Each structure stands twice: as C-alpha cells, then as structure tokens.
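Student:
Protein chains: 2
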Amino acid sequence: MATDFTEETAADAVVDSFAKTSDPRLRELLSSLVRHLHAFVRETEPTIAEWERAIGFLTATGQKCDDERQEFILLSDTLGISMLVETINNRKVGGATESTVLGPFHMIESPRRELGESIDFVGTGTPCVVSGRGLFTADADGGFWFRTIVPSHYPIPTDGPVGQLLHATERHPYRPAHIHFIVTAPGHRALTTHIFVAGSPYIESDAVFAVKKSLIKEFTEVDDPEQAARYGLDGPFRLANFDIILQPAPDG
Amino acid sequence: MATDFTEETAADAVVDSFAKTSDPRLRELLSSLVRHLHAFVRETEPTIAEWERAIGFLTATGQKCDDERQEFILLSDTLGISMLVETINNRKVGGATESTVLGPFHMIESPRRELGESIDFVGTGTPCVVSGRGLFTADADGGFWFRTIVPSHYPIPTDGPVGQLLHATERHPYRPAHIHFIVTAPGHRALTTHIFVAGSPYIESDAVFAVKKSLIKEFTEVDDPEQAARYGLDGPFRLANFDIILQPAPDG
Numbered sequence: 001m002a003t004d005f006t007e008e009t010a011a012d013a014v015v016d017s018f019a020k021t022s023d024p025r026l027r028e029l030l031s032s033l034v035r036h037l038h039a040f041v042r043e044t045e046p047t048i049a050e051w052e053r054a055i056g057f058l059t060a061t062g063q064k065c066d067d068e069r070q071e072f073i074l075l076s077d078t079l080g081i082s083m084l085v086e087t088i089n090n091r092k093v094g095g096a097t098e099s100t101v102l103g104p105f106h107m108i109e110s111p112r113r114e115l116g117e118s119i120d121f122v123g124t125g126t127p128c129v130v131s132g133r134g135l136f137t138a139d140a141d142g143g144f145w146f147r148t149i150v151p152s153h154y155p156i157p158t159d160g161p162v163g164q165l166l167h168a169t170e171r172h173p174y175r176p177a178h179i180h181f182i183v184t185a186p187g188h189r190a191l192t193t194h195i196f197v198a199g200s201p202y203i204e205s206d207a208v209f210a211v212k213k214s215l216i217k218e219f220t221e222v223d224d225p226e227q228a229a230r231y232g233l234d235g236p237f238r239l240a241n242f243d244i245i246l247q248p249a250p251d252g
Numbered sequence: 253m254a255t256d257f258t259e260e261t262a263a264d265a266v267v268d269s270f271a272k273t274s275d276p277r278l279r280e281l282l283s284s285l286v287r288h289l290h291a292f293v294r295e296t297e298p299t300i301a302e303w304e305r306a307i308g309f310l311t312a313t314g315q316k317c318d319d320e321r322q323e324f325i326l327l328s329d330t331l332g333i334s335m336l337v338e339t340i341n342n343r344k345v346g347g348a349t350e351s352t353v354l355g356p357f358h359m360i361e362s363p364r365r366e367l368g369e370s371i372d373f374v375g376t377g378t379p380c381v382v383s384g385r386g387l388f389t390a391d392a393d394g395g396f397w398f399r400t401i402v403p404s405h406y407p408i409p410t411d412g413p414v415g416q417l418l419h420a421t422e423r424h425p426y427r428p429a430h431i432h433f434i435v436t437a438p439g440h441r442a443l444t445t446h447i448f449v450a451g452s453p454y455i456e457s458d459a460v461f462a463v464k465k466s467l468i469k470e471f472t473e474v475d476d477p478e479q480a481a482r483y484g485l486d487g488p489f490r491l492a493n494f495d496i497i498l499q500p501a502p503d504g
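Those sequence lines, one after another, are chains U and H.
Using this note's numbering, you'd call the opening residue of the first sequence number 1 and step up by one each time.
Using this note's numbering, you'd call the opening residue of the second sequence number 253 and step up by one each time.
1) Give the range of the alpha helix (DSSP H) segment to which Ala-481 of chain H is assigned.
2) If I follow the unbroken beta strand (DSSP E) through Asn-89 of chain U, where does it start and stop?
3) With a threshold of 6 Å on Cβ separation, who are the neighbours of Asp-495 of chain H within its own chain once the five nearest residues in sequence on each side are excluded?
4) Measure the Cβ-Cβ separation of Cys-317 of chain H and Thr-87 of chain U and say whether it is below 8 Å.
5) Can you round the beta-carbon distance between Leu-215 of chain U and Ile-195 of chain U to whole angstroms, since I take them to be within the 8 Å contact cut?
6) If you draw a straight line from the alpha carbon of Leu-115 of chain U to that of Phe-144 of chain U, how long is it in whole angstroms?
7) Check whether the region 328-343 of chain H and the region 34-44 of chain U are in contact - that is, three or more C-beta pairs closer than 8 Å.
8) Using the rule of at least 16 other Cβ atoms within 10 Å of the residue's Cβ for burial, across every protein chain shown, is Gly-80 of chain U buried or exposed?
9) Shortest alpha-carbon distance to Ile-182 of chain U belongs to which of U:His-167, U:Pro-151, U:Val-101, U:Thr-6?
10) Interface residues of chain H around Cys-128 of chain U at Cβ under 8 Å?
11) Using 8 Å as the threshold, is the region 436-443 of chain H in touch with the region 399-410 of chain H, meaning 3 or more CB pairs across them?
12) Please report whether the beta-carbon of His-194 of chain U lies at a distance below 8 Å from any beta-carbon of chain H.
13) Quick check: the region 195-211 of chain U against the region 168-181 of chain U, are there 3 or more CB pairs under 8 Å?
14) Using a threshold of 8 Å, state whether the C-beta atoms of Met-83 of chain U and Phe-257 of chain H are closer than that.
15) With a threshold of 6 Å on Cβ separation, who are the neighbours of Ala-341 of chain U within its own chain once the five nearest residues in sequence on each side are excluded?
16) Asp-256 of chain H CB to nearest chain U CB: under 8 Å?
17) Show which residues of chain H have a CB atom less than 7 Å away from the CB atom of His-153 of chain U.
18) Taking Thr-97 of chain U as the reference, which of U:Gln-227, U:Gly-125, U:Lys-213 has the closest Cα?
19) I need the straight-line Cα distance from Thr-137 of chain U to Pro-236 of chain U, nearest angstrom please.
20) Which bits of chain U does Lys-272 of chain H rub up against, with CB to CB less than 8 Å?
21) With DSSP as the reference, label Glu-221 of chain U as helix, strand or coil.
22) Can you list, in chain order, the residues of the region 286-299 of chain H whose Cβ is nearer than 9 Å to any Cβ on chain U?
23) In the DSSP assignment, what are the bridge partners of Tyr-174 of chain U?
24) Any chance the region 158-170 of chain U sits against the region 258-277 of chain H, with 3 or more Cβ pairs inside 8 Å?
25) Relative to the C-alpha of Pro-475 of chain H, which residue among H:Pro-502, H:Arg-287, H:Pro-379, H:Arg-305 is closest?
26) As a quick exercise: from U:Pro-46, U:Val-14, U:Leu-74, U:Ala-228, pick the residue whose alpha carbon is nearest that of Thr-161 of chain U.
27) Can you pull out the residues from the region 306-320 of chain H whose beta carbon lies closer than 7 Å to at least one beta carbon of chain U?
28) How about Phe-72 of chain U and Gly-62 of chain U: are their beta carbons less than 8 Å apart?
29) Of all the residues that make up the region 209-223 of chain U, which are near chain H by a beta-carbon distance shorter than 9 Å?
30) Quick check: is the beta carbon of Glu-260 of chain H nearer than 8 Å to any beta carbon in chain U?
31) What's the gap between the Cα of Met-253 of chain H and the Cα of Ala-265 of chain H?
32) Which residues does DSSP list as the beta-bridge partners of Cys-128 of chain U?
33) Could you tell me whether the Cβ of Val-183 of chain U comes closer than 8 Å to any Cβ of chain H?
34) Determine, for Ala-265 of chain H, whether the minimum Cβ-Cβ distance to residues of chain U falls below 8 Å.
35) Could you tell me which chain U residues have their CB closer than 9 Å to the CB of Asp-275 of chain H, listed as they occur along the chain?
36) Using a Cβ-Cβ cutoff of less than 6 Å, which residues in the same chain neighbour His-432 of chain H once the five nearest sequence positions on both sides are dropped?
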C-alpha cells in the first residue's frame with residue numbers, strides 16, 4: 001500500500017489492499033467496484049456537501065428497510081441494476097422465453113391452484129383468461145390456462161428515499177400492467193418473468209426497466225358467449241396467449 | 253426510454269430516464285454513477301446470489317448507523333472514497349499544507365485552550381510537544397504550541413458490516429498514530445488535516461488511506477531538563493514541529 005495518497009494512485013492503493021483476500025471472486029468484485037467508483041468520483045468531482053448528501057441518502061435507504069420493505073432492491077430496480085443482473089444471468093438461448101425481474105413485492109406463499117382456476121384476489125375488473133403451452137407443465141399436452149382480471153399499471157412505493165430520487169429526477173413511479181410468472185420443470189432452468197399488457201400506460205417507461213419486447217402480449221377483447229362459456233365466464237372478457245419455452249438446465 | 257431491455261442499451265435507457273431532471277448537477281452525477289455501476293456489473297457479471305449479498309450488505313450498513321455511529325462513512329473511508337473526495341476538494345496549491353480526512357470520530361465540541369495548554373484527556377503516556385508556525389494564528393508571530401501525549405495507532409470499529417468486509421479481505425482495521433488539526437484564518441481556506449507519527453505501526457497501510465508523505469512528522473525524543481522546563485515538563489518528552497501554510501480563500 002502506498003504511503004502517499006494521490007488522486008492518480010488512490011484506486012491502485014485500495015485495490016492493493018485486497019491482495020490477501022482468500023476468496024478470489026470477492027477480490028475480483030471489490031477491485032472492479034473500487035476502480036469504477038473511483039473513476040466516477042474523478043469524473044464528477046463531488047463537493048464535500050454532495051458526498052455528505054450521498055452518505056445521507058444511502059443511510060436513509062438502509063433505515064427504510066424492514067421485514068416488508070426492501071428499499072435497496074427498489075433503488076437497484078430503479079437504476080436498472082436488477083434487470084441488468086437478471087438479464088446477464090438468464091441470457092436468451094435460441095427461442096427460449098425471456099426472463100425479467102421478480103420485482104419487490106413477490107409473495108412466496110401463493111396457494112396451489114388447478115388449471116383454469118382464478119388467481120384474482122380483488123373480484124372486480126375486466127375478466128381475463130391467460131392460456132399458453134409450456135414445454136413441461138402439469139397438463140399432459142403442456143397446455144395451461146387460468147382466469148384473472150386484466151391487470152392495471154401501478155406505482156412503486158414513493159414514501160422513501162427512492163421516491164425522493166424519482167421526484168428529484170422528475171421520473172414517474174409507475175410500472176406498466178403485467179402478470180408475473182415463475183415456471184419450473186425437471187431438467188430445465190427455472191424462469192422468472194412477466195407478460196406485459198400491450199398498450200398499457202407506461203409500457204415505454206417502466207420505472208424498473210423490466211420490459212422486453214418479446215414479453216409484451218395482446219390482451220384481445222372477446223365478446224362471444226360460446227367462448228366465454230368455455231372458460232366459465234358469462235360476459236365479455238380479454239384473452240392473452242403466452243407460450244413458454246424453457247431452457248435445458250446447464251447440467252441437464 | 254426503450255421498450256426493449258438489453259445489456260447493451262440498459263445504461264442509455266436509465267440515463268435517458270433522467271432527461272427531465274431540473275437540477276443539471278444532479279443529472280450529471282446520477283448519469284455518471286449509472287454508467288459506472290452498469291460497467292461494473294457488465295464487467296463482473298454478478299450472480300443473483302452475489303447481488304442479494306450486496307443488497308444485504310448495504311442494508312446492514314444503513315441499519316448499523318445511529319446518532320453515534322456512521323457505518324457508510326466508515327465504508328467510504330475504507331474504500332478510499334472519502335480521501336479521494338477530500339483531496340479533489342483541497343488540491344495542493346504551491347507550498348500550502350495538505351489536507352486529509354476528518355475521520356469518523358471527530359468531536360465538534362472541543363474546549364477552547366490557550367497556547368501551550370495540554371489537550372491530553374488520558375493523563376498517561378509519553379509527554380509530547382507540538383509546535384509550528386501558521387500563516388495566521390492567535391499569536392502575533394503566527395507561532396503555536398501545545399502539549400499532549402504521543403498518540404498511538406488504534407483500530408476503527410469492526411463490529412459492523414465494514415468490519416466483516418475488512419475481515420473477508422484480510423485487511424487490518426488500524427490507523428497509524430496521528431493528531432488532528434482544523435485550522436481557520438480570515439481570508440483563507442479552512443484546513444482539515446492530520447500529522448502522522450513517523451515510524452508508527454501501519455503508517456504504510458492506514459485502513460482509511462489518509463496518509464500523505466508531507467504530513468508524516470518526526471516526533472523527536474528530547475532528554476534535556478532545560479528544554480523540558482521551557483515547556484512546563486519535568487522529564488523526557490518528544491517534540492514535533494508542524495508549520496502550517498494556508499491557501500488564500502477563492503474569494504479573498
């Protein structure tokens with residue numbers, strides 16, 4: 001380590017301080033992080049007041065977190081970091097369905113449902129049927145379908161530091177309308193994704209950057225009593241199709 | 253903003269989202285930060301588990317902070333960021349004394365003392381006299397002196413996330429022995445700095461990278477009753493000299 005701190009040698013000195021790290025991956029991550037953070041500081045030359053504001057923002061972000069709220073994930077989401085990590089870890093192979101982020105509000109404990117059952121909690125709104133064909137599903141043909149209501153756009157929470165950041169940058173907090181999917185099958189990579197409702201407000205400006213073109217689906221209006229009856233509905237509804245193709249697992 | 257997220261276009265999409273930011277400096281800072289963070293992620297390709305660990309580390313760092321403890325400043329210090337910001341904001345001009353970081357333990361409310369008075373709280377240890385000549389001080393000649401004890405090296409707190417990081421990277425938590433100075437004079441830039449005890453353990457590996465060569469001073473042993481008496485001491489002591497030169501204020 002150097003005995004004379006200078007702007008030019010600072011990043012090297014910090015990277016050198018990691019020389020004895022026993023985990024080579026940790027050393028690689030920290031060394032790269034330090035080089036990029038120092039480059040950011042040298043490029044922008046923050047004032048002491050700006051540095052203090054950044055310290056205050058990070059502190060408030062940590063202190064906003066509790067059992068139900070993860071403000072650092074929200075920050076990662078709104079800076080596109082979550083989507084970048086997700087996409088790097090799930091690169092598209094051939095025709096496989098693309099992934100997107102789980103988002104900050106996933107509830108692990110969803111009840112098990114039969115094919116065709118409704119997943120709607122609310123009970124109001126436009127009925128909607130989603131169907132598709134997975135490479136592997138419970139159905140012998142690989143087909144699936146379920147009922148719900150047409151999803152709506154909604155805002156991420158704005159009562160914390162991330163909300164302040166969005167406000168200061170005049171960004172809206174909305175996510176376009178979407179439905180989450182987590183799909184697993186033996187011998188295949190698990191898929192975490194959404195489908196987005198074509199034409200939804202904010203489809204071009206998702207607050208967490210999760211939209212991929214291949215995941216935008218038409219939710220077509222159907223006003224045909226026979227079709228409705230086939231799905232157990234008694235009026236107009238919207239119908240979306242989402243065929244899912246999983247990638248083979250790396251060891252499969 | 254793009255409707256199709258890709259690794260290549262992600263940073264542009266996030267930077268574009270800041271287009272309406274009314275404060276141009278905030279936009280500059282966030283745009284640069286996002287470009288550097290995305291470059292870090294593309295370079296290192298973190299796994300989901302590594303990303304989750306980073307989220308957990310940042311959250312724990314924020315939650316370790318309270319009225320007496322600032323763990324994010326400690327993190328900034330141990331990654332050399334604080335020193336880099338400090339140095340950029342106080343670039344050396346001509347022969348002016350160099351600055352260094354205040355450090356995480358500064359007590360604002362120090363009592364006012366006369367020239368020559370002791371600043372020692374502890375009352376044990378090797379007596380020490382520091383003298384120098386400032387461009388402007390209370391003394392008409394610009395001279396100052398005070399008594400204390402020879403400072404010792406000491407560790408930064410290791411009972412939080414930053415301590416875990418130091419442990420994982422096999423870095424020690426010690427700062428070399430030093431004495432803090434905050435110097436102000438009308439018409440001049442305030443100076444925040446340390447002097448470091450030449451030969452102190454860890455002088456070449458300060459945990460917060462604060463050592464600059466020009467701030468390392470000899471603490472010379474003096475075993476001369478006449479000199480001791482002159483400083484109000486009655487035995488051997490160590491004597492350090494620190495001449496301070498302040499820069500004119502930008503508007504002065």
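Using N, Cα and C, we set each Cβ at its ideal position, and we do this for glycine too.
No experiment lies behind these values; they were computed from the predicted model shown.
Tutor: Quick answer:
1) 477-482
2) Asn-89 of chain U -> not in any beta strand (DSSP E); alpha helix (DSSP H) instead, spanning 81-89.
3) Gly-384, Arg-385
4) no
5) 6 Å
6) 6 Å
7) yes
8) buried
9) U:Val-101
10) Residues of chain H passing the Cβ test: none, with the nearest at roughly 22 Å.
11) no
12) no
13) yes
14) yes
15) The structure shown does not extend to residue 341 of chain U, since chain U is modelled only from 1 to 252, so the question has no answer here.
16) yes
17) What His-153 of chain U touches in chain H: nothing, since even the nearest Cβ is about 14 Å away.
18) U:Lys-213
19) The predicted model places Thr-137 of chain U with a pLDDT of 45, which falls under 50 and marks its position as unreliable, so this point remains unresolved.
20) Thr-169, Glu-170, Arg-171
21) strand
22) Val-286, Arg-287, His-288, Leu-289, His-290, Ala-291, Phe-292, Val-293, Arg-294, Glu-295, Thr-296, Glu-297, Pro-298, Thr-299
23) U:Pro-155
24) yes
25) According to the sequence displayed, residue 475 of chain H carries Asp and not Pro. For the residues H:Pro-502, H:Arg-287, H:Pro-379, H:Arg-305, the minimum Cα distance to Asp-475 of chain H belongs to H:Pro-379.
26) Reading the sequence as shown, one finds Pro at residue 161 of chain U and not Thr. Measuring from the Cα of Pro-161 of chain U, the nearest candidate turns out to be U:Leu-74.
27) Ile-307, Leu-310, Thr-311, Thr-313, Gly-314, Gln-315, Cys-317
28) yes
29) Phe-209, Ala-210, Val-211, Lys-212, Lys-213, Ser-214, Ile-216
30) no
31) Only weak support exists for where Met-253 of chain H lies, its pLDDT of 47 falling under 50; the coordinates are left without a value.
32) U:Thr-148, U:Arg-238
33) no
34) yes
35) Ala-168, Thr-169
36) His-446
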